[in-house]
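Asker: Going down the list, the sequences are from chains A and B. Just so you know, the numbering used here puts 57 at position 36 of the first sequence, and the rest follows in order with no gaps. Just so you know, the numbering used here puts 77 at position 70 of the second sequence, and the rest follows in order with no gaps. Ideal Cβ placement from N, Cα and C applies to all residues, glycine included. Because the structure is a prediction, the values reported are computed rather than measured. What follows is a single structure, and I will ask about it in a moment.
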Amino acid sequence: MENIQIAGKHGVNFIPTVNFNADTGICEIEGESYLEDTIEFYSPLFKWLKEYCVEINKPITFNFRLRYFNTSSSKCIIDILNILKKYKDDGGTAEVYWYYDAEEEDIEDELEEIEDFVIETNMKINLVPE
Amino acid sequence: MNVAENAYQVYTELIDSTIISYNGPFDAQVLSIIAENIEYSLSDNPRVSKKLFKIFIELAQNISYYSAEKQENSEGILFGVGIIMLREFENHYSFSTGNLIERKQVLPVLQKCETINLLDREKLRQYKRKLRNMPSGEPGSGNIGLIQVALTADYPLEYSVIPVNDDNSFYIINIRVNKN
């Protein structure tokens, strides 16, 4: 299985940096996600994850390090968490970590959004202050 | 005061308070330039800068998708047209957007704004989660941008709809964020 590597952009579109590694099972999304065409960007990532669950079937560590994301990106984050939750329910191993800037003011808003992700998907998210 | 003096007063007041104003199509290029300007203009207040950035992206994407007035960009893709203004006052910043909506959208738009303003924070989060979980295409599903705007702002939404002609109305939203 191929790895996915996408370099983040802070320009016309705000594209997050993506690193999905099939050898280590470590998947990372970081940066900013404010795209015009969110579904088009995230669809290959969903496909990769689903394939990994079936073909590789090893533990997944999913690391989020997102500073900004819009509401349509938040729907895609929900989709990712749902895929991981299903994998776990079917006997797979998946851990999700959410890294955030503990120094930032008004971090409560961001933590509230992560709490909403957990309530919506029932997938555990480990919060890691940096 | 004569008309010229009056116009000059309006002009200077607007110039004094306006940080950003734009009228035209909301394509990705425009969004990125304005977003960058917000970050740059408010770099000394990261809390406010982040809030206004988040609010701007959601409001601008709403205009881009839902404005009844469309314009082609240089690549021939249609984008919604609207107006946006960021102004600074003594204790707060105010973000105003305006765009045309079809007449049949007036009632749903007003109802949505009304519902959002009636809900407290916890209920608003519940409402957001409910809409986000609905399959896209179902009535009421999809657009949770305005809910996120309300969760990010420091005041209730200020909104109004002005009839323009038989087909369209002008939909205005004003969002306030405290400086401190």
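Give the interface partners of D127 of chain A over in chain B, defined as CB-CB distance under 8 Å, in chain order.
Answerer: Within chain B, the residues near D127 of chain A are R54, K57, K58.
Asker: Checking 8 Å against the spacing of the C-beta atoms, do N175 of chain B and I108 of chain B come in under that value?
Answerer: Yes, the Cβ-Cβ distance between N175 of chain B and I108 of chain B is below 8 Å.
Asker: Would you please verify whether the beta carbon of D130 of chain A is less than 8 Å from any beta carbon of chain B?
Answerer: So yes, D130 of chain A belongs to the interface.
Asker: Got a sec, what are the start and stop residues for the alpha helix (DSSP H) P65 of chain A sits in?
Answerer: Element bounds for P65 of chain A: 59 to 72.
Asker: Are there 16 or more other CB atoms within 10 angstroms of the CB of A160 of chain B, so buried, or fewer, so exposed?
Answerer: Buried, because 16 or more other Cβ atoms sit within 10 Å of the Cβ of A160 of chain B.
Asker: Out of B:Q36, B:E43, B:R94, state which residue places its alpha-carbon closest to the alpha-carbon of S24 of chain B.
Answerer: That would be B:R94, whose Cα lies nearest to the Cα of S24 of chain B.
Asker: Tell me where the beta strand (DSSP E) around R110 of chain B begins and ends.
Answerer: Unbroken run through R110 of chain B: none, as it is neither H nor E.
Asker: Is it true that the CB of E151 of chain A sits closer than 8 Å to the CB of Y118 of chain A?
Answerer: For Y118 of chain A and E151 of chain A, no; Cβs fall outside 8 Å.
Asker: Kindly list the residues whose CB is nearer than 6 Å to the CB of T114 of chain A, restricted to its own chain and excluding five residues on each side of it in sequence; keep chain order.
Answerer: Cβ neighbours of T114 of chain A beyond the five flanking positions: P80.
Asker: Given a cut-off of 8 Å on the beta-carbon distance, is the pair N106 of chain B and D34 of chain B in contact?
Answerer: Not closer than 8 Å, so no.
Asker: Count the other CB atoms, across all protein chains shown, that sit within 10 Å of the CB of A67 of chain B; report buried if there are 16 or more and exposed otherwise.
Answerer: Buried, by the Cβ-count rule.
Asker: Would you say Q155 of chain B and E65 of chain B are within 8 Å of each other, going by their C-beta atoms?
Answerer: Yes, the pair counts as a contact, with Cβ atoms nearer than the cut-off.
Asker: Within a Cβ cutoff of 8 Å, which residues of the same chain sit near I104 of chain A, ignoring the five residues on either side of it in sequence?
Answerer: Correct list, in chain order: F67, L70, K71, C74.
Asker: On the DSSP letters alone, give me the boundaries of the alpha helix (DSSP H) that N140 of chain B sits inside.
Answerer: Taken as a continuous stretch (DSSP letters only), the alpha helix (DSSP H) holding N140 of chain B covers 128 to 140.
Asker: Does the beta carbon of G29 of chain A come closer than 8 Å to any beta carbon on chain B?
Answerer: Closer than 8 Å: no.
Asker: Kindly identify the DSSP beta-bridge partner or partners of V75 of chain A.
Answerer: Answer is none; V75 of chain A lacks a bridge partner.
Asker: By the DSSP assignment, the beta strand (DSSP E) with I169 of chain B in it spans what residues?
Answerer: Its beta strand (DSSP E) spans residues 165 to 170.
Asker: At least one CB of chain B closer than 8 Å to the CB of A43 of chain A: is that the case?
Answerer: No - not a single Cβ of chain B is within 8 Å of the one on A43 of chain A.
Asker: May I ask you to list, following chain order, the residues of the stretch 115 to 140 of chain B that have a beta carbon less than 8 Å from some beta carbon of chain A?
Answerer: So the list reads R132, K135, R136, R139, N140, given in the order they occur along the chain.
Asker: Scan the stretch 91 to 102 of chain A for residues whose Cβ lies nearer than 8 Å to a Cβ of chain B and list them as they occur along the chain.
Answerer: Here the close residues are N91, T92, S93, S95, K96, I99.
Asker: Pick out the complete alpha helix (DSSP H) segments inside the stretch 24 to 103 of chain B, 4 residues or longer, and give them in chain order.
Answerer: Listed in chain order, the complete alpha helix (DSSP H) runs (minimum 4 residues) inside the stretch 24 to 103 of chain B are 35 to 48, 53 to 73.
Asker: Quick one: which unbroken beta strand (DSSP E) runs of 3-plus residues sit fully inside the stretch 100 to 135 of chain A? Chain order, please.
Answerer: Listed in chain order, they are 115 to 121.
Asker: Does any CB atom of chain A fall closer than 8 Å to the CB of T159 of chain B?
Answerer: At least one chain A Cβ lies under 8 Å of T159 of chain B.
Asker: Comparing the C-beta of E82 of chain B with each C-beta of chain A, is any distance below 8 Å?
Answerer: Not one chain A Cβ lies under 8 Å of E82 of chain B.
Asker: Taking only beta-carbon positions, decide if E65 of chain B is within less than 8 Å of chain A.
Answerer: Taking Cβ atoms only, chain A reaches closer than 8 Å to E65 of chain B, which makes this a yes.
Asker: By the three-class DSSP mapping on this structure, what secondary structure does P37 of chain A have?
Answerer: Coil.
Asker: Quick one: what's got a C-beta closer than 7 Å to V17 of chain B's C-beta in the same chain, skipping five residues either side?
Answerer: The answer is none, since no qualifying residue turns up.
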